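Student:
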Amino acid sequence: MLAIKVNRAFHKLNKHAAPAAEAALKRNESIVVHLTSTQERKLQDSLYFLEEEELIYCTELEEKTNTDPRTNTTLELIPLPRLFSVLNA
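Residues in the sequence shown are numbered consecutively from 1, following the working numbering.
Structural data, given as structure tokens:
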């Protein structure tokens with residue numbers, strides 16, 4: 001059941017944040033995503049779920065590496081060891 005919820009959350013990440021988000025996290029790579037306020041709202045539940053289940057660590061970056069004026073938030077998503085136990089179960 002948990003793996004299904006994780007896959008749904010990854011689908012949303014791929015769709016609304018970065019097409020390669022799932023692949024990077026599964027390779028144990030942290031990623032930086034630049035979100036508009038709309039994208040942030042669409043991903044809020046998924047990011048909360050992944051953090052609460054201790055599958056990723058999400059931190060807001062103060063330094064803006066993207067110059068797009070539509071970008072509202074820049075987040076770094078870091079995979080945690082539990083993510084791989086869930087995916088490999």
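Note that CB positions come from ideal geometry on N, CA and C, so glycine has one too.
In this text the structure is predicted, and so the values were computed from the model without any measurement.
#1: Going along the chain, which residues of its own chain have a beta-carbon closer than 7 Å to the beta-carbon of Arg89, five neighbours each way excluded?
#2: Nearest CA to the CA of Thr36: which residue from Leu87, Thr71, Ser85 and Arg82?
#3: DSSP state of Glu63, grouped into three classes?
#4: Only counting runs of 4 or more residues, tell me where the alpha helix (DSSP H) segments fall wholly within the region 6-87, in order along the chain.
#5: Check whether the Cβ atoms of Lys12 and Leu43 sit closer than 9 Å, and answer yes or no.
#6: If you count every other CB in all the chains shown that lies within 10 Å of the CB of Ala20, and 16 or more means buried, which is it?
Tutor: Answer, in terms of the structure:
#1: In the sequence shown, the residue the question calls residue 89 occupies position 89. For the record, residue 89 in the displayed sequence is Ala; it is not Arg. Excluding residues within five positions, the ones whose Cβ falls inside 7 Å are Ala3.
#2: Start at 1 with the first residue of the sequence shown, and residue 36 comes out as number 36. Thr36 has its Cα closest to that of Thr71, out of Leu87, Thr71, Ser85 and Arg82.
#3: Residue 63 sits at position 63 when you count from the first residue of the sequence shown. Residue state, collapsed to three classes: coil.
#4: Every alpha helix (DSSP H) stretch that sits fully inside the region 6-87 and reaches 4 residues is listed by chain position as 21-26, 37-52 and 81-87.
#5: The sequence position of residue 12 within the sequence shown is 12, counting from 1. The sequence position of residue 43 within the sequence shown is 43, counting from 1. Closer than 9 Å, so yes.
#6: Translated into the one-based positions of the sequence shown, residue 20 becomes position 20. Ala20 is exposed by the Cβ-count criterion.
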